[in-house]
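For what it's worth, the UniProt record's numbering labels the leading residue of the sequence shown as 1, then goes sequentially.
Built from N, CA and C at the ideal position, the CB exists for glycine as well.
Here the structure is a predicted model, which means the values were calculated and not measured.
Only one structure is covered here, and it is reproduced in the block below.
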Amino acid sequence: MGKRRDARRPTSELNLRPNRADTSSARSPGVSTSYEDRRLLLIFVFLFFVLSPAISVVVYRLKFASSIENPRVLPYVHERGLVNADINYQDILTENSKLSPNTTHRHFPLPVLAYITPWNTIGYDLAKKFNSKFTHLSPVWYNLKSQGGNLILEGRHDADEGWISDIRSKGHAELLPRIVLEAVPLDYLAVKEKNKASAVDLIVAECKEMDYDGIVLESWSRWAAFGLLHDPVTRNAALRFIKQLGEALHSITSRRSNKKLQLFFVIAPPHSDKLQEYDFGPNDLESLNEAVDGFSLMTYDFSSPQNPGPNAPLNWIRSTLQLLLGSSSTKARNMGRKIFMGINFYGNDFMLSGGLGGGAITSKEYLQLLEKHKPVLQWEKNSAEHFFIYSDSNGFSHVVLYPSLKSLSVRLDEARLWGVGISIWEIGQGLQYFLHLL
């Protein structure tokens, strides 16, 4: 999870209404329209306003037929009337573990990347149970490290081959383990070309041996911490490394799926409307378009114990997408297909008095707080998040912000509007009934 980002407001409203041309025309007095002209006009109106939209609807439905069985079917939690701004703690305690018998039906038409971590093992079970809801699964297993002047890839001990087999037998979700580049960056970038090749070779060899569908690479924040992104030379070397890795993965075809291996790249939201040299911006997105198959955008961790507040304000998410994708042009929309908008399944418990403190909480801790304090949950419409306030045993005030069915539903609608997928960090931290929204 990243550092706190400064709040930004969208610079403009997304205009979804096309400009309409003036359809009226000046007619010369005394000149009547011939029968042939009227017939051609009627044909044009039929083709443009009736047939063309109908074809578009058919194409859209065919495109998503494999992922959406019946778009009119509401998610189970909607049918039960649970997706509301006005909620109470008792409903959450009672309903969160109730699941529909149908855990395979997809409601969200765009790609879904779900992270799973070894320290929240329930995520492994949820990935199997709701396998059909996901297009990509990323278990957090690997680290690339420096050791004695060499590079090593650690994490095979976490790779559960039994779980991998179960995942592949239950659905079609592609498996892309996350690899964090913990090695000293200059050990594998331009300064040491031999190690640069070694890093790529290690990653590609692991994908081939384990028959993965690719990887999710996380390195940008570490590069920023080392100051590499402040220098144009080392920044370009970092981008070249990503391109080289992407080309190497794309040159390999999976034995199992007969598809090219994929590269997903984790990116942090820009810190402000004015891009800094260390920010990942629209030019980087375009530069890496050919090498990278998906960008996992971390639109969460907006607040911190030092500055308590919402986890991921909706306006901030919108302005981030606006900054990266620009207008609603065709080019921007094509780039948007590779964006996986981040959605947090964890929450935060921040101290409001008695000093600074607090941090992330999972579903288990959230439910315990609900049971103990029986709070009144409030809906904050600007951030589109639920929260409640309680006092601890020392009399200090806390604010708890944790996802709800309503907050998640709003964000899924936002992703649909932009035509972007979603990436979930991470499913083991959330309430089980969240997954019925997907």
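Do residue i and residue j have their CB atoms nearer than 8 Å?
i	j	result
G246	L263	yes
L323	D273	yes
V376	F388	yes
I242	A199	no
L113	V420	no
G214	L249	yes
residue 449	P185	Because the chain here runs from 1 to 438, residue 449 falls outside it and cannot be looked at.
D125	W141	no
A225	L189	no
A183	L151	yes
Taking residue i as the reference, give the member of the options with the closest Cα.
i	options	result
G342	I361, P403, G355	P403
P305	L352, T320, A225	L352
V77	L99, Q90, A85, Y346	L99
N394	I427, G359, L370, G355	G355
V233	E414, Q244, E277	E277
D160	K338, M210, L74, K372	M210
I339	A225, W418, P101	W418
K381	D166, T94, S257, D86	D86
L288	R240, K364, R411	R240
G149	G162, D187, D166, L181	D187
V216	L438, I427, G428, S423	S423
G357	M335, K374, N334, G309	G309
R411	N88, K374, L321	L321
G171	V180, H271, K129, G162	K129
By how many angstroms is the C-alpha of residue j removed from the C-alpha of residue i?
i	j	result
V83	L405	5 Å
N131	F434	14 Å
residue 464	V204	Absent from the model: residue 464. The displayed extent of the chain is 1 to 438, so no value can be given.
A384	N307	18 Å
T103	H436	7 Å
A127	W425	13 Å
F432	K133	First, the residue type needs correcting, since residue 432 is Gln and not Phe in the sequence shown. So the alpha carbons of these two residues sit roughly 13 Å apart.
T348	V266	What sits at residue 348 in the sequence shown is Asn, not Thr. The alpha-carbon atoms of N348 and V266 are separated by roughly 22 Å.
residue 441	L175	Coverage of the chain is limited to positions 1 through 438, which leaves residue 441 absent and any answer about it impossible.
R416	P313	17 Å
V50	S296	Any reading at V50 needs caution, since the residue's pLDDT is 37, under 50, leaving its predicted position unreliable; the model's value is listed next. Those two C-alpha atoms are separated by around 39 Å.
Y300	G227	23 Å
F345	G430	5 Å
I164	W316	36 Å
K372	N236	53 Å
R80	F108	18 Å
H105	S257	23 Å
Y212	D413	31 Å
L367	V400	11 Å
D201	I252	12 Å
R156	G359	30 Å
F350	G326	34 Å
R337	F396	45 Å
S363	Q90	15 Å
T94	Q378	19 Å
G2	S407	Here G2 scores only 42 on pLDDT, less than 50, and its place in the model is too uncertain to base an answer on.
I68	S409	Unreliable placement is indicated for I68, whose pLDDT of 42 sits below 50; the coordinate value is still reported in the next sentence. Approximately 17 Å between the Cα atoms of the pair.
D279	P270	5 Å
K374	N88	9 Å
I43	V73	The pLDDT assigned to I43 is 39, lower than 50, so where the model puts this residue is not dependable; a value taken from the coordinates is nonetheless given after this. If I take the Cα positions, the gap works out to 36 Å.
R255	P75	36 Å
P101	L438	15 Å
L181	L275	24 Å
Y390	I427	26 Å
D392	N96	25 Å
I361	K208	36 Å
Q244	G162	32 Å
Kindly give me the distance between the Cβ atoms of residue i and residue j, rounded to whole angstroms, as I take these residues to be in contact under 8 Å.
i	j	result
S303	N311	7 Å
E206	L153	6 Å
R178	S138	5 Å
I116	L370	Contact flag wrong, Cβ pair sits at about 25 Å.
H230	A173	In fact, because the Cβ distance is near 38 Å, the residues do not count as touching under 8 Å.
M335	E365	Incorrect: roughly 38 Å between the Cβ atoms, too far for contact.
The ligand ZN and residue i: does any heavy atom of the ligand fall closer than 7 Å to the residue's C-beta?
i	result
E365	As presented, the structure is devoid of all ligands, the ligand ZN included, so that no description of it is given.
Taking CB distances under 8 Å as the criterion, tell me whether residue i reaches chain C.
i	result
L405	The structure shown contains no chain C; it is built from a single protein chain.
Does the structure place the segment 106 to 126 close enough to the segment 144 to 153 that three or more beta carbon pairs sit under 8 Å?
no
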